[in-house]
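Residue numbers (this note's numbering): 2 to 645.
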């Protein structure tokens, strides 16, 4: 391997077009330390666009055009505070960049009218400001790092998301990007990089939590004429959107991480396997790859080092099973995405029969913060066996939904209550599902459990990819289990009988106990009573005999909810009752005859003609005709329908 001639940073900075100004001034502009004209940043990730950022952008451009204002508009990724989207930041010359929440298109004019007068709008929430150098601060506006949502976060993977233009390689380089990669290939060999990654304590962020450096060494020490790296961006868990947000907000960090990983295992070719449902992420990733090629960071003999590396994007069809390593490899090869038995493991015999390492987006995006100069800093974060940070996607019944990145060892309580603002409407916390369909639930008594691979396993949960779905007292845990089992059953590849048939039978049992019995004279009552026992037995068999890791973890949501909320299952089976009134077919509807006016609207709207009565006289519901749809409850103007 050759050495790169010259200073690494100077080489990278020389790639940037200076536009006729000094390199220092140009870097200051690229880092947004200073601006020569107003800059308007719009959160244009998928979450922002879903909240209306597209229309906000149109209104901003229209305002600037009509008022002949020379300003730059930058579309950035999600900063993590999804609950506040669309987020608009504005940076005026000599002033700090300041952020505003929920800037829908109808608020654009008032916002820009105020800000160009150096005033903050009264009817739009100002979130925070970004202090920079000698710039003027906005009065009574807290700094970004002091905001309750961010103050306890440690942003490594998400550091640039929402701050930099995701499709500007110049901004990434100005912020220190690609320095880690070029320093890596200039100062170390592959074995040293594997040793450093193992020493860092980095574990796979995709679910299993295997030690990354140790995994790499299997591929490094396997002799082959070709080795491959695959980035698994096939994010399939319901409630998980971390990988998508990272790629949309900072694709160059992922590419740099892939470059370091490939050098560590001796790979010269790689793939990003990403689901086709992520068009924005794919678009920005392709732009970043093209820019990296143009700057000589991808291709042959990179900067005269003798290192070759290329990256291709492979779009998947969105099959959940393709998150499993061997199924993913089959899909990249153009085959049906189905798991195959292991060993041999992909690190020894993977893509096209060659040694292959598969890491997910978050794992790879950690590497530029570790190698080569951030090793000790990364090791200082986390617990003894789980180092660094973890990104979580917070959704469900929580005040502030979005992305959070916290040091390992942070408690789940701190994430939900200390960062995300707790449960809305003063509702009582019930549970949080962690790890998606392969994970388990965490109850209130375990809220102080630390974010740590081993700690979570000890209570029947798992880290998984990092989805956190928060549930309050209005949630039915049997219904939650049924939702995940329905998802898993539909996504089963069908190759092995335990997963294919076992999950189907588990779903049938869950459906039977959330429906009213049709005919108690037959064996239906007995089947309902045997439901819990069969669920546990089936779950254990599926865990022990399924072919792949996804099948082996398929029963986890059911077994976890059974363990912590058995009384809800028993209520559904024995009392035919759903305490949260979520399972519609177990709801019993009656009419309060004292308040019923006999208006007949409920009878007219009932789809099964289950309501009888004369006009201006109290009505009644015929139980064996009622399907529990709730239409009568929705249309009654006198609150006469009672649910029990």
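Built from N, CA and C at the ideal position, the CB exists for glycine as well.
For the beta strand (DSSP E) containing residue i, list its first residue and its last residue.
i: residue 441; result: 441-444
i: residue 394; result: 390-397
i: residue 432; result: 430-435
i: residue 131; result: 127-131
i: residue 463; result: Neither: residue 463 is in no beta strand (DSSP E) and is coded neither H nor E.
Applying the 10 Å Cβ sphere with the 16-neighbour rule, what's the burial state of residue i?
i: residue 171; result: buried
i: residue 252; result: buried
i: residue 254; result: buried
i: residue 204; result: buried
i: residue 289; result: buried
i: residue 167; result: buried
i: residue 639; result: exposed
i: residue 538; result: exposed
i: residue 95; result: exposed
i: residue 363; result: buried
i: residue 493; result: buried
i: residue 615; result: exposed
i: residue 613; result: exposed
i: residue 354; result: exposed
For the alpha helix (DSSP H) containing residue i, name the first residue and the last one.
i: residue 377; result: 376-380
i: residue 174; result: 170-175
i: residue 27; result: 24-31
i: residue 635; result: 632-636
i: residue 595; result: Segment: none, residue 595 is in no alpha helix (DSSP H) and carries neither H nor E.
i: residue 8; result: Careful: residue 8 lies outside any alpha helix (DSSP H) and carries neither H nor E.
i: residue 533; result: 532-546
i: residue 1; result: The first residue shown for the chain is 2 and the last is 645, placing residue 1 beyond what the model contains.
i: residue 279; result: That residue, residue 279, is in no alpha helix (DSSP H); it is neither H nor E in DSSP.
i: residue 155; result: From DSSP, residue 155 is part of no alpha helix (DSSP H); its letter is neither H nor E.
i: residue 191; result: 191-201
i: residue 225; result: Residue 225 -> no alpha helix (DSSP H), and no H or E assigned at all.
Any idea what DSSP makes of residue i, helix, strand or coil?
i: residue 313; result: strand
i: residue 271; result: strand
i: residue 186; result: helix
i: residue 63; result: helix
i: residue 287; result: helix
i: residue 232; result: strand
i: residue 505; result: helix
i: residue 337; result: coil
i: residue 641; result: coil
i: residue 150; result: coil
i: residue 408; result: strand
i: residue 102; result: coil
i: residue 648; result: Nothing can be reported for residue 648, as the shown portion of the chain is limited to 2 through 645.
i: residue 212; result: strand
i: residue 245; result: helix
i: residue 491; result: helix
i: residue 567; result: helix
i: residue 97; result: coil
Can you name the residues that DSSP bridges to residue i?
i: residue 621; result: 613
i: residue 414; result: The partner list for residue 414 (beta bridge, DSSP) is empty, contrary to what the question assumes.
i: residue 180; result: Its beta-bridge partners do not exist; DSSP assigns none.
i: residue 136; result: Answer is none; residue 136 lacks a bridge partner.
i: residue 359; result: 231
i: residue 42; result: 75, 90
i: residue 451; result: 412
i: residue 300; result: 310
i: residue 469; result: 395, 435
i: residue 383; result: 388
i: residue 204; result: 212
**Message:** I'd like to know if the stretch 296-311 and the stretch 329-344 are in contact, where contact means that at least 3 CB-CB pairs between them fall below 8 Å.
**Reply:** no
**Request:** Take every Cβ of the stretch 350-361, pair it with every Cβ of the stretch 214-231, and state whether three or more of those distances are shorter than 8 Å.
**Result:** yes
**Prompt:** Per the contact definition of three or more C-beta pairs closer than 8 Å, is the stretch 507-514 in contact with the stretch 267-285?
**Reply:** no
**Prompt:** Within the chosen definition, does the stretch 342-349 reach the stretch 457-467 through at least 3 CB pairs nearer than 8 Å?
**Reply:** no
**Request:** Count the C-beta pairs between the stretch 552-566 and the stretch 604-618 that are closer than 8 Å, then say yes if the count reaches three, no if not.
**Result:** no
**Prompt:** Looking at C-beta atoms only, is the number of pairs between the stretch 414-428 and the stretch 534-549 that lie closer than 8 Å three or more?
**Reply:** no
**Request:** Report yes or no: do three or more beta-carbon pairs, one from the stretch 371-378 and one from the stretch 220-232, lie closer than 8 Å?
**Result:** no
**Prompt:** Does the pairing of the stretch 12-20 with the stretch 111-122 give three or more beta-carbon distances under 8 Å?
**Reply:** no
**Request:** Taking 8 Å as the threshold, find out whether the stretch 186-202 comes into contact with the stretch 255-267 through three or more Cβ pairs.
**Result:** yes
**Three CB pairs or more closer than 8 Å across the stretch 399-413 and the stretch 77-85** = yes
**Stretch-stretch touch, CB-based, cutoff 8 Å, three pairs: the stretch 374-393 with the stretch 141-158** = As far as the Cβ criterion goes, the stretch 374-393 touches the stretch 141-158, which means the pair count is three or higher.
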